[in-house]
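The structure appears right after this line, and notes come after that.
Numbering (the working numbering), first residue to last: 3 to 624.
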């Protein structure tokens, strides 16, 4: 960590000017982007990244690195400049391709595209919420794996956020819970510049942010001059000393700082400065270099590779000693953070499914889901559950559930009535590593969580969303709780697996596949009402994984009609097959017609093999 004198050295101004220059040059070349925030938060970024951040550009996935989240992701050139300058695999050519198709530097930070980007941020408010999940993961893992003298999990989660993030409702959901859970390793920097796209925010945002966060139970440091490195340094040190509460450092900044004519105006928020203004800005910030030119001494001062290598090497040495003293815990930690399942997982699942099939229960699939969790969770300490105040209805609790609290870790999070916040926090837990998160609410309320589900699919992360109270079987709560179009719209999300099981066996198989899926999220949809058990042999059970399979074949194997159904409609389809096979009366035919109409009316008939939830019946009229 540097002394305050370092901040007064001439090179310090060049360090911050490098951020401002790269931001304005990249946005100008792309002729689109947001230069104002990177220019306004340059000093905050320099103090944090050079003097406090524990990270290793040589290994962006080092397990005990500090996490950095740019929640105000429109200012993406800030993180790209930081990654480039500190030595990540983000070249000056990548900076020149800012906002271009297939570049490492898209308009908003995207997880999986750019080394060092911890989460995809664009929709405001989700970055801070992901960060709550990351800080929560750090706390629970530390509680589980740390031993006296061996703090192998000991890192901070740092967040930059602006007025827009704080206006979004999801920030209220997440930050309230973060205060309740006492996430002391979460430190946020509020870029209080008073400007958004439409202009000065006092016309639509007059919240007393410090008092708001104090009410949440946060440690708040107000009125920090965001352009005074000594004040920023002092605030970070103060925040680090407060380990029982998350910290909010409220930084007063000037948007577009350094631009002589556009600073402190909305003109610099989301548009290129223009050639004339850039030419005027260069001497104003003491930057006498061509576009995208950075002198060697500035690169050398920013370069974090040697420091990062040393930090990780020291941690590796500590973990080696930990492994000798606690070999079982070390092996489990390594497995967990790598995202691998236990070695005997496949055999274990086969045994659980076999028991469920042998039992042959006719129960609601939400209960079948709970039974599946009960069967699978003992083999998966990384399974971290939760519900948005509906645990007793979603049946997401199991006998081994232990609630996470301010004082202790656990494996179950009581999210409260926070569907959107829950889903984005789950994404943060998944991104951090060491956990497979699942969370439940009613299918109808997937609407509240929609954008977090989409972000999970974009990032291709393993989050499991549990939605109960599906289908026309739910009625007495009225239209507000009646899911109609929700399943169809969930199916439309690219890279989202959607399972709608018809009975206990399908429910268990769907859970197993969701847990095994590493490259994307899964939605599990369960019924409130009892659904009849469907008999299958072992070969048919194996076909469930394919998503579409033949549940009941035509007697001679030559069907004249195919009925496709999912979830609760499978029982109706089975009854329809039985009717069609009868030689019986007009009454039976009429009953069959009604059943088929019910299937059609529920709009559950879908194209075969395009979904992850189809039970197919093939039949022949006798």
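We treat Cβ as the ideally placed atom computed from N, Cα and C, and that holds for glycine.
If I follow the unbroken beta strand (DSSP E) through residue 525, where does it start and stop? Along the chain shown, one-based indexing puts residue 525 at 523. Counting along the chain, the beta strand (DSSP E) containing residue 525 begins and ends at 524-529.
When DSSP labels each residue in this structure, what does residue 229 get in the three-state scheme? Position 227 of the chain shown, counted from the start, is the residue given in the question as residue 229. The answer is coil: DSSP assigns residue 229 none of H, G, I, E or B.
Own chain residues within Cβ distance below 6 Å of residue 399, not counting five before or after: Taking the chain shown and counting its residues from 1, the one referred to as residue 399 is at position 397. Shown here for residue 399: same chain residues with a beta carbon closer than 6 Å to its own, the five before and five after excluded, namely 393 in chain order.
Residue 145 versus residue 525 - alpha carbon distance: Here the question's residue 145 lines up with position 143 in the chain shown. Here the question's residue 525 lines up with position 523 in the chain shown. When rounded, the separation of the alpha-carbon atoms in residue 145 and residue 525 is 29 Å.
Kindly give me the distance between the Cβ atoms of residue 290 and residue 200, rounded to whole angstroms, as I take these residues to be in contact under 8 Å. Your numbering for residue 290 matches position 288 in the chain shown. Your numbering for residue 200 matches position 198 in the chain shown. With a Cβ gap of about 35 Å, residue 290 and residue 200 do not count as contacting.
Using CA coordinates, which residue listed in 33, 84, 59 is at the minimum distance from residue 18? Sequence index remark: in the chain shown, residue 18 carries index 16 (1-based). When only C-alpha atoms are compared, the closest one is 84.
Can you find the residues in the same chain that come closer than 6 Å, C-beta to C-beta, to residue 408, ignoring five residues on each side of it along the sequence? Reading the chain shown from its first residue, position 406 is the one you call residue 408. Counting only Cβ-Cβ distances below 6 Å, and skipping sequence neighbours, we find 183, 184.
Measure the Cβ-Cβ separation of residue 220 and residue 181 and say whether it is below 8 Å. By one-based count along the chain shown, residue 220 stands at place 218. By one-based count along the chain shown, residue 181 stands at place 179. The beta carbons of residue 220 and residue 181 sit closer together than 8 Å.
What number of angstroms, rounded off, separates the C-alpha of residue 99 from the C-alpha of residue 106? Residue mapping note: residue 99 aligns to position 97 of the chain shown, counting from 1. Residue mapping note: residue 106 aligns to position 104 of the chain shown, counting from 1. Near 8 Å, if we compare the C-alpha coordinates of residue 106 and residue 99.
By Cβ distance, which residues of its chain are closer than 7 Å to residue 64, with the 5 residues on each side in sequence left out? Taking the chain shown and counting its residues from 1, one reaches residue 64 at position 62. Contacts found: 58, 314.
Given 8 Å, three or more beta-carbon pairs between the stretch 255-273 and the stretch 32-48: Because the criterion of three Cβ pairs below 8 Å is met, the stretch 255-273 and the stretch 32-48 touch.
Along the chain, where does the beta strand (DSSP E) containing residue 567 start, and where does it finish? By one-based count along the chain shown, residue 567 stands at place 565. Annotation: the continuous beta strand (DSSP E) that includes residue 567 extends over 563-568.
Three-state secondary structure (DSSP) at residue 122? For the purposes of this step, residue 122 is taken as residue 120 along the chain shown, with counting starting at 1. Coil at residue 122, not helix or strand.
On the criterion of 16 or more Cβ atoms from any shown chain inside 10 Å, does residue 299 qualify as buried, or is it exposed? Looking up residue 299 in the chain shown gives position 297. Under this definition residue 299 is an exposed residue.
With a Cβ-Cβ cutoff of 8 Å, do residue 523 and residue 452 count as a contact? Position 521 of the chain shown, counted from the first residue, corresponds to residue 523. Position 450 of the chain shown, counted from the first residue, corresponds to residue 452. Contact: no.
Taking the straight line between their C-alpha atoms, what separation do you get for residue 321 and residue 187? Within the chain shown, the letter at position 319 stands for residue 321. Within the chain shown, the letter at position 185 stands for residue 187. Approximately 21 Å, taken between the alpha carbons.
Sequence ranges, alpha helix (DSSP H) only - wholly within the stretch 476-537, length at least 4: Counting only runs of 4 or more residues that sit fully inside the stretch 476-537, the alpha helix (DSSP H) segments are 488-493, 506-518, in chain order.
Any idea if residue 176 is buried or exposed, counting beta-carbon neighbours within 10 angstroms, 16 or more meaning buried? Taking the first residue of the chain shown as 1, we reach residue 176 at position 174. Residue 176 should be labelled buried.
Cβ-based neighbour list, residue 156, same chain, cut-off 7 Å, excluding 5 preceding and 5 following: Your numbering for residue 156 matches position 154 in the chain shown. Result list for residue 156: 66, 144, in chain order.
How would you label residue 21, buried or exposed, when you count the other beta carbons within 10 angstroms and need 16 or more for buried? Taking the first residue of the chain shown as position 1, residue 21 is located at position 19. Burial state of residue 21 is buried, judged by a 10 Å Cβ sphere holding 16 or more other Cβ atoms.
Nearest neighbour of residue 112, chosen from 257, 582, 369, 82 [CA to CA]: Counting from 1 along the chain shown, the entry for residue 112 is found at position 110. With distances taken between Cα atoms, residue 112 lies closest to 82.
Per-residue burial, residue 209 [other beta carbons within 10 Å of its own, 16 or more giving buried]: By 1-based counting over the chain shown, the position of residue 209 is 207. When all chains shown are included, residue 209 counts as exposed.
Strictly by DSSP, which residues pair up with residue 252? Position 250 of the chain shown, counted from the first residue, corresponds to residue 252. Per DSSP, 192.
Under three-state DSSP, which class holds residue 455? Taking the chain shown and counting its residues from 1, one reaches residue 455 at position 453. Here residue 455 sits in helix by DSSP.
In the DSSP output, what is residue 164 paired with across the bridge? Position 162 of the chain shown, counting from 1, holds the residue named residue 164. In DSSP, residue 164 forms a bridge with 193.
Give a yes or no on whether the C-beta atoms belonging to residue 431 and residue 469 are separated by under 8 Å. Position 429 of the chain shown, counted from the first residue, corresponds to residue 431. Position 467 of the chain shown, counted from the first residue, corresponds to residue 469. Not closer than 8 Å, so no.
Sub-8 Å separation of residue 565 and residue 578 beta-carbons: Taking the first residue of the chain shown as 1, we reach residue 565 at position 563. Taking the first residue of the chain shown as 1, we reach residue 578 at position 576. In this structure, residue 578 lies closer than 8 Å to residue 565 by Cβ.
Let me check understanding here. Comparing Cα to Cα, which of 230, 429, 550, 189 lies closest to residue 121? Residue 121 sits at position 119 when you count from the first residue of the chain shown. Closest option to residue 121, Cα to Cα, is 429.
Per DSSP, what kind of secondary structure is residue 397 in: helix, strand or coil? By one-based count along the chain shown, residue 397 stands at place 395. Taken through DSSP and simplified to helix, strand or coil, residue 397 comes out as coil.
Exposed or buried, which one is residue 260 when buried takes at least 16 other CB atoms within 10 Å? Taking the first residue of the chain shown as 1, we reach residue 260 at position 258. Classification of residue 260: buried, given that the 10 Å Cβ count is 16 or more.
Within 10 angstroms of its Cβ, does residue 364 collect 16 or more other Cβ (buried), or is it exposed? Working through the chain shown from its first residue, we reach residue 364 at position 362. With a 10 Å radius around the Cβ and a threshold of 16 neighbouring Cβ atoms, residue 364 comes out exposed.
Using the beta-carbon count (16 or more within 10 Å), is residue 239 buried or exposed? The residue labelled residue 239 in the question sits at position 237 within the chain shown. With fewer than 16 Cβ atoms within 10 Å of its Cβ, residue 239 is classed as exposed.
If we count Cβ pairs, one from each stretch, closer than 8 Å, do we get three or more for the stretch 372-390 versus the stretch 506-518? Two segments are said to touch when three or more pairs of C-beta atoms, one from each, lie closer than 8 Å; by this definition the stretch 372-390 touches the stretch 506-518.
Can you find the residues in the same chain that come closer than 8 Å, C-beta to C-beta, to residue 623, ignoring five residues on each side of it along the sequence? Reading the chain shown from its first residue, position 621 is the one you call residue 623. In this prediction, residue 623 scores a pLDDT of 34, lower than 50, which makes its location untrustworthy; the coordinate-derived value is nonetheless stated afterwards. Sequence-distant Cβ neighbours of residue 623 in its own chain, meaning closer than 8 Å and more than five residues away, are 562, 563, 582, 583.
Can you say whether residue 178 is buried or exposed, counting buried as having 16 or more other CB atoms within 10 angstroms of its CB? In the chain shown, counting from the first residue as 1, residue 178 sits at position 176. Per the 10 Å Cβ criterion, buried.
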